[in-house]
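Visitor:
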Amino acid sequence: MDGRGVIGFPVRIGVAFLLVALCVPAISYAVDAFQESSELQRVDGEVDSIIEASGRIYFGGAGCSCTIDVHVEPGYEIWIGGEGPEAYSVSVVKGSSVRERTYAENPSVRFLGERMVLTGDSELLLECARIDGVYGIRVTER
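Using our numbering, you'd call the opening residue of the sequence shown number 57 and step up by one each time.
This is how it looks when you write it as structure tokens:
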């Protein structure tokens, strides 16, 4: 073999390893970002089902109720209701930051009582009620 053949092959191998070493962190980041995005979408789907069910119950009037099953991905929480404008919202929380806040707009449904925090699997009872002159949806965990 000539000198070029002996040196050329190890250089090619070295360049290949360098390219792989540079690509692995980017691919790892992309996979992690995709996984987090997928988890957030699944939790947001659960929020949509809560909002949709609350709208149906609200239109049904006082005394109308239904139950729904909710699955919250590990590391996430769903906050239902709260004080002030949050009483009309359902939020997705990861860690200490609100990732997504969805307001019940059509109809504008108020969630009655204290903020409810959901984690893991839950069965919720949604009831249309009038409490202290305030009309809205009372959510309880079964």
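Beta carbons are placed, not taken as given, at the ideal position from N, Cα and C, and that holds for glycine.
Computed from a predicted structure; not experimentally measured.
1) By Cβ distance, which residues of its chain are closer than 6 Å to ILE187, with the 5 residues on each side in sequence left out?
2) Report the partner residues of GLU133 according to the DSSP bridge assignment.
3) What did DSSP end up calling VAL165 once you bin it into helix, strand or coil?
4) For VAL103, which three-state DSSP category applies?
5) Could you check what DSSP says for VAL128 in three-state terms: helix, strand or coil?
6) Spatial neighbours of CYS120 within its chain, please: C-beta separation below 6 Å, excluding the five flanking residues on both sides.
7) Quickly, what does DSSP pair GLY192 with across the bridge? List them, please.
Guide: In this structure, then:
1) LEU168
2) VAL149
3) coil
4) helix
5) coil
6) ILE113, CYS184
7) ALA185
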